[in-house]
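Chains as they are written, first to last, in my numbering: chain A, 47 to 356; chain B, 140 to 389. Note that the Cβ used here is the ideal one computed from N, Cα and C, for glycine as well. Note that the coordinates shown come from a computational prediction; the quantities given were computed from them, not determined experimentally. Have a look at the structure below, then the notes.
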Amino acid sequence: MITLRGLTKRFGRTTAVDDLTVDIAPGRVTGFLGPNGAGKSTTMRMVLGLDRPTAGRALIDGRAYRELRRPLREVGALLDARAIHPARSGRAHLLAMARSNGLPTHRVDEVLGTVGLDARAAAKPGRTLSLGMAQRLGIAGALLGDPPVLMFDEPVNGLDPDGVRWVRQLMRSLADEGRTVFVSSHLMSEMQLTADRLVVIGRGRLLADAPIGEVIAGSAVAVRVRSPHPAGLAALAERLTATGATVTPAGPDELTVTGATVDRIGDLAYELGVRLHELSPHGASLEQAFMELTAGSVEYAGTPTGGTDR
Amino acid sequence: MNTIAAEWTKLWSVRSTWWTMLAGLLVTAATAGQLAIYAANANTNDDPADDAGVVTVGSIVIGSVELTQYAVLALGLLLITSEFTSGTIRTTLQCTPSRGRVLLAKAAVTGAVTFALGLLLGAVGAAVARPVLGRWGTAPAAETLSDVAAVAVYLALVGVLALGLAAALRSAVLTLTVLVATLMIVPLSLQEPDIAVLNRIADAFPGVAGAHFLAGDSDPYPAAVGLLLLAGWAAAALALGRVALRRRDA
Chain A
47 MITLRGLTKR FGRTTAVDDL TVDIAPGRVT GFLGPNGAGK STTMRMVLGL DRPTAGRALI
107 DGRAYRELRR PLREVGALLD ARAIHPARSG RAHLLAMARS NGLPTHRVDE VLGTVGLDAR
167 AAAKPGRTLS LGMAQRLGIA GALLGDPPVL MFDEPVNGLD PDGVRWVRQL MRSLADEGRT
227 VFVSSHLMSE MQLTADRLVV IGRGRLLADA PIGEVIAGSA VAVRVRSPHP AGLAALAERL
287 TATGATVTPA GPDELTVTGA TVDRIGDLAY ELGVRLHELS PHGASLEQAF MELTAGSVEY
347 AGTPTGGTDR
Chain B
140 MNTIAAEWTK LWSVRSTWWT MLAGLLVTAA TAGQLAIYAA NANTNDDPAD DAGVVTVGSI
200 VIGSVELTQY AVLALGLLLI TSEFTSGTIR TTLQCTPSRG RVLLAKAAVT GAVTFALGLL
260 LGAVGAAVAR PVLGRWGTAP AAETLSDVAA VAVYLALVGV LALGLAAALR SAVLTLTVLV
320 ATLMIVPLSL QEPDIAVLNR IADAFPGVAG AHFLAGDSDP YPAAVGLLLL AGWAAAALAL
380 GRVALRRRDA
């Protein structure tokens with residue numbers, strides 16, 4: 047379990063992470079989504095005690111990272127796959143990590159096997175590794191201590207399609223083993239395939255924290271409804287709201303509806319006898335919904351989790 | 140111990156460590172050889188004012204340190220600046236979140252390795268100087284051994300000083316610049332006008348203090364005080380590096 051409470055990071059006058067309060071629970075893959083520069087990496091660095099929060103706390107199973115005695119047994123993380131010494135072999139890199147936490151040497155060979163780096167690849171100096179190999183080495187480092195909590199910052203970057211599929215399966219199986227898996231990406235489509243739950247941030251602020259289905263249903267398909275009859279439109283809005291959809295007036299004769307399909311809205315309008323001049327889905331692609339969500343224009347709140355300090 | 144083991148693994152898994160040690164060996168051999176030639180020449184040239192008489196091999200080894208220390212400095216310095224440039228410092232701190240522990244482990248490894256290297260360099264320097272000096276040199280066993288040991292202690296402390304400073308400054312070039320200034324340029328400039336006050340200030344600098352320790356001087360302070368001064372500089376540099384590592388985001 048990763049717990050963020052009012053986590054804030056300012057660099058001079060820019061606020062990179064703004065009052066983030068989220069719980070990342072074990073047993074599922076939580077996607078951490080946001081455009082580049084949204085504060086995902088900074089958030090992860092604060093969880094790992096690398097960056098000091100300006101305010102708030104980031105805790106792992108209730109403890110700050112800097113308090114952990116053998117952190118690799120508690121949290122595994124891949125931040126920057128390129129952060130390897132240019133002259134050191136991948137194997138020596140992992141070996142030093144293992145020694146630092148008193149992990150047996152055979153763990154190094156085990157994780158190398160898990161990520162599919164053979165002896166020859168593991169013996170190559172850091173500078174000669176392709177980005178894909180470096181990602182695999184980074185993932186091996188995260189798995190080294192067999193930790194219950196795992197964080198991956200953009201793990202599929204630089205991987206070929208096979209590698210991407212492998213990472214997805216790995217995340218899935220790690221979560222199925224009951225671990226906390228927190229994966230960042232700037233690609234909605236990637237998250238759609240990997241994550242059970244989404245934490246979406248934009249400009250450092252929490253935009254959504256909900257099961258992936260809800261985020262998709264809630265924000266992906268917005269339907270524009272236009273009618274020459276304001277009274278009929280109001281009645282329609284009322285019925286839609288009663289069925290759980292979110293209705294936003296977009297003008298005197300126009301509504302924006304999320305959380306209901308075009309078919310459903312059309313049926314309701316027919317039942318109510320409301321004449322429609324337009325009934326069109328817009329922002330129908332996930333990609334576009336995500337852009338809207340992260341553009342700062344739309345604030346979407348799924349099932350509220352916490353917000354209060356425990 | 141785990142942190143030390145990790146630092147030990149890291150040090151020996153990059154080739155630059157070996158190159159630095161080889162460079163130290165070559166520079167020591169060359170410098171000791173050259174100093175021995177000078178000493179022998181001074182006794183045999185036409186100007187009797189130059190005559191140094193018979194010198195000890197140990198004094199040649201000590202003289203060569205002034206140059207060879209820079210190879211040793213590089214060892215301590217690279218142990219941390221390479222982590223900043225490659226970004227592995229984040230991995231290191233992920234493995235060991237305590238900044239003080241990381242720096243102490245690096246200091247232990249640096250100190251141990253530079254001490255051992257110092258013994259080796261001293262032995263090589265003595266081995267080169269002895270035949271070159273010929274009849275103008277002596278090598279009393281006990282004195283030579285203690286001189287070589289002193290050189291090793293000096294190099295270990297200077298290596299740790301370089302490490303601490305590098306942790307604070309992060310850049311290898313900047314650290315080396317500051318080290319050359321602190322060890323050599325500033326005290327030399329202070330001593331240049333030969334004013335008592337400035338000389339006293341220069342005496343407090345690590346390189347000068349180390350030189351008094353190596354020479355076994357009793358003036359301006361006993362050799363042991365020189366050693367303590369140098370150790371104080373190394374400790375201060377480590378403390379500075381620890382503060383910088385704790386304060387700054389990695």
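Practice problem: Taking only beta-carbon positions, decide if Gly226(B) is within less than 7 Å of chain A. | Solution: Taking the second sequence and counting its residues from 1, the one referred to as residue 226(B) is at position 87. Yes, contact with chain A.
Quiz item: In three-state DSSP terms, what is Ile199(B)?
Solution: As a position in the second sequence, residue 199(B) is number 60, starting the count at 1. Here Ile199(B) sits in helix by DSSP.
Exercise. Please specify which runs of the alpha helix (DSSP H), each continuous and at least 4 residues long, are wholly inside the stretch 276-362 of chain B, giving them in chain order.
Key: 280-308, 311-319, 325-330, 335-342, 345-354
Exercise. Scan the stretch 178-204 of chain A and note each continuous beta strand (DSSP E) run of 3 residues or more that stays entirely inside, going in chain order.
Key: 195-199
Practice problem: List the endpoints of the continuous beta strand (DSSP E) containing Glu324(A). | Solution: On the first sequence, position 278 is the one that residue 324(A) refers to. Start and end: 324-328.
Exercise. Provide the residue span of the alpha helix (DSSP H) that contains Leu279(A), from first to last.
Key: As a first step, residue 279(A) must be located in the first sequence, where it is residue number 233. That run of the alpha helix (DSSP H) goes 276-288.
Quiz item: In three-state DSSP terms, what is Thr61(A)?
Solution: Walking along the first sequence from the start, residue 61(A) turns up at place 15. Correct three-state label for Thr61(A): strand.
Quiz prompt | Local conformation of Ser231(A) per DSSP, three classes | solution = Translated into positions along the first sequence, residue 231(A) becomes position 185. Here Ser231(A) sits in strand by DSSP.
Self-check item: CA-to-CA distance, Thr67(A) to Arg56(A), given in whole angstroms
Solution: Start at 1 with the first residue of the first sequence, and residue 56(A) comes out as number 10. Start at 1 with the first residue of the first sequence, and residue 67(A) comes out as number 21. Going by the C-alpha atoms only, they are around 16 Å apart.
Quiz item: Under 8 Å Cβ-Cβ, which residues of chain A neighbour Ala389(B)?
Solution: Mapped onto the second sequence, residue 389(B) falls at position 250. Under the 8 Å cutoff, chain A gives Arg91, Leu96, Asp97.
Quiz item: If Thr226(A) and Gly77(A) are in contact, beta carbons under 8 Å, what's the gap, nearest whole angstrom?
Solution: Stepping through the first sequence from its first residue, residue 226(A) is reached at position 180. Stepping through the first sequence from its first residue, residue 77(A) is reached at position 31. Actually they are not in contact, since the Cβ atoms of Thr226(A) and Gly77(A) sit about 13 Å apart, beyond 8 Å.
Quiz item: Based on the DSSP output, what are the partners of Phe223(B) in its beta bridges?
Solution: On the second sequence, residue 223(B) is found 84 positions in, with the first residue counted as 1. Looking at the DSSP assignment, Phe223(B) forms no beta bridge with any residue, so it has no partner.
Quiz item: Taking Cβ-Cβ distances below 7 Å as the criterion, which residues of the stretch 132-143 of chain A are in contact with chain B?
Solution: Pro132, Ala133, Arg134, Ser135, Ala138, Leu141, Ala142, Met143
Self-check item: Paired residues, beta bridge with Ala104(A) - DSSP
Solution: Counting from 1 along the first sequence, the entry for residue 104(A) is found at position 58. In the DSSP output, where bridge partners are listed per residue, Ala104(A) has Leu50(A).
Quiz item: So is His380(A) buried or exposed if we call it buried at 16+ other beta carbons inside 10 Å?
Solution: No statement about residue 380(A) is possible, as the shown extent of chain A runs from 47 to 356 and does not include it.
Quiz item: For the stretch 311-327 of chain A, which residues have a beta carbon sitting closer than 9 Å to at least one beta carbon of chain B?
Solution: none
Exercise. Determine the direct distance from the alpha carbon of Ala306(A) to that of Ser331(A), and round the result to whole angstroms.
Key: Position 285 of the first sequence, counted from the start, is the residue given in the question as residue 331(A). Position 260 of the first sequence, counted from the start, is the residue given in the question as residue 306(A). Note that Ser331(A) has pLDDT 49, beneath the 50 cutoff, so the model's placement of it is unreliable and no number is given.
Exercise. Using only alpha-carbon positions, find the residue among Lys149(B), Arg385(B), Val325(B), Thr142(B) that is nearest to Gly148(A).
Key: By 1-based counting over the first sequence, the position of residue 148(A) is 102. It is Thr142(B).
Quiz item: Comparing alpha-carbon positions, which option in Ser357(B), Ala370(B), Trp157(B), Glu331(B) lies nearest Gly346(B)?
Solution: On the second sequence, position 207 is the one that residue 346(B) refers to. Ranking the options by Cα distance to Gly346(B), first place goes to Ala370(B).
Quiz item: Taking Cβ-Cβ distances shorter than 7 Å, what residues in chain A pair up with Val153(B)?
Solution: Here residue 153(B) refers to the residue found at position 14 of the second sequence. Those are His131, Ala133, Arg134, listed as they occur along chain A.
Practice problem: Would you identify the three-state DSSP class for Gly305(A), choosing helix, strand or coil? | Solution: The residue given as residue 305(A) occupies position 259 in the first sequence. Three-state result, Gly305(A): coil.
Quiz item: Hey, does Arg309(B) have any beta-carbon neighbour from chain A nearer than 7 Å?
Solution: As a position in the second sequence, residue 309(B) is number 170, starting the count at 1. No, Arg309(B) does not count as interfacial toward chain A.
Self-check item: First and last residue of the uninterrupted alpha helix (DSSP H) at Ile143(B)
Solution: As a position in the second sequence, residue 143(B) is number 4, starting the count at 1. Note, Ile143(B): alpha helix (DSSP H), 141-151.
Exercise. Measure from the C-beta of Leu118(A) to each C-beta in chain B and report whether the shortest distance is under 7 Å.
Key: Position 72 of the first sequence holds residue 118(A). True, the Cβ-Cβ gap to chain B drops below 7 Å.
Quiz item: Taking any Cβ of chain A, which residues in the stretch 147-178 of chain B have a Cβ under 7 Å from it, in chain order?
Solution: Thr148, Lys149, Ser152, Val153, Arg154, Ser155
Quiz item: Are the Cβ atoms of Ala127(A) and Pro171(A) separated by less than 7 Å?
Solution: Taking the first residue of the first sequence as position 1, residue 127(A) is located at position 81. Taking the first residue of the first sequence as position 1, residue 171(A) is located at position 125. Against a cut-off of 7 Å, the Cβ pair of Pro171(A) and Ala127(A) comes out as no contact.
Practice problem: Mind checking the stretch 225-250 of chain B against chain A and listing, in chain order, the residues whose C-beta falls within less than 8 Å of any C-beta there? | Solution: Ser225, Gly226, Thr227, Arg229, Thr230, Thr231, Leu232, Gln233, Cys234, Thr235, Pro236, Ser237
Quiz item: Looking only at its own chain, which residues have a Cβ that is under 8 Å from the Cβ of Ala343(B), when we skip the five neighbours before and after it?
Solution: Counting from one through the second sequence, the residue named residue 343(B) turns up at place 204. Correct list, in chain order: Leu368.
Practice problem: Determine the burial state of Val153(B): buried for a count of at least 16 other Cβ atoms within 10 Å of its Cβ, exposed for fewer. | Solution: Taking the second sequence and counting its residues from 1, the one referred to as residue 153(B) is at position 14. That one is buried.
Practice problem: Have a look at Val204(B), Ala246(B), Asn182(B) and flag the residue whose alpha-carbon is nearest the alpha-carbon of Leu377(B). | Solution: Here residue 377(B) refers to the residue found at position 238 when the second sequence is read from its first residue. Considering only alpha carbons, the answer is Ala246(B).
Quiz item: Which residues, in chain order, does the stretch 202-221 of chain B contribute to contact with chain A at a C-beta distance below 8 Å?
Solution: Ser221
Self-check item: Three-state class that DSSP yields for Glu223(A) in the structure shown
Solution: Stepping through the first sequence from its first residue, residue 223(A) is reached at position 177. In this structure, Glu223(A) counts as coil in the three-state DSSP scheme.
Self-check item: Separation of Gly276(B) from Asn182(B), as counted between CA atoms
Solution: The residue labelled residue 182(B) in the question sits at position 43 within the second sequence. The residue labelled residue 276(B) in the question sits at position 137 within the second sequence. If you take the alpha carbons of Asn182(B) and Gly276(B), they lie about 11 Å apart.
Quiz item: Which of the three DSSP states, helix, strand or coil, is assigned to Pro257(A)?
Solution: Here residue 257(A) is taken as the residue at index 211 of the first sequence, counted from 1. Strand at Pro257(A).
Exercise. Examine chain A for any beta-carbon lying closer than 7 Å to the beta-carbon of Ala144(B), and answer yes or no.
Key: For this step, residue 144(B) is matched to residue 5 along the second sequence. Ala144(B) counts as touching chain A.
Quiz item: Cβ of Gly380(B) versus every heavy atom of the ligand SAH: is any distance shorter than 6 Å?
Solution: In terms of ligand content, the structure shown is empty, and the ligand SAH therefore cannot be addressed.
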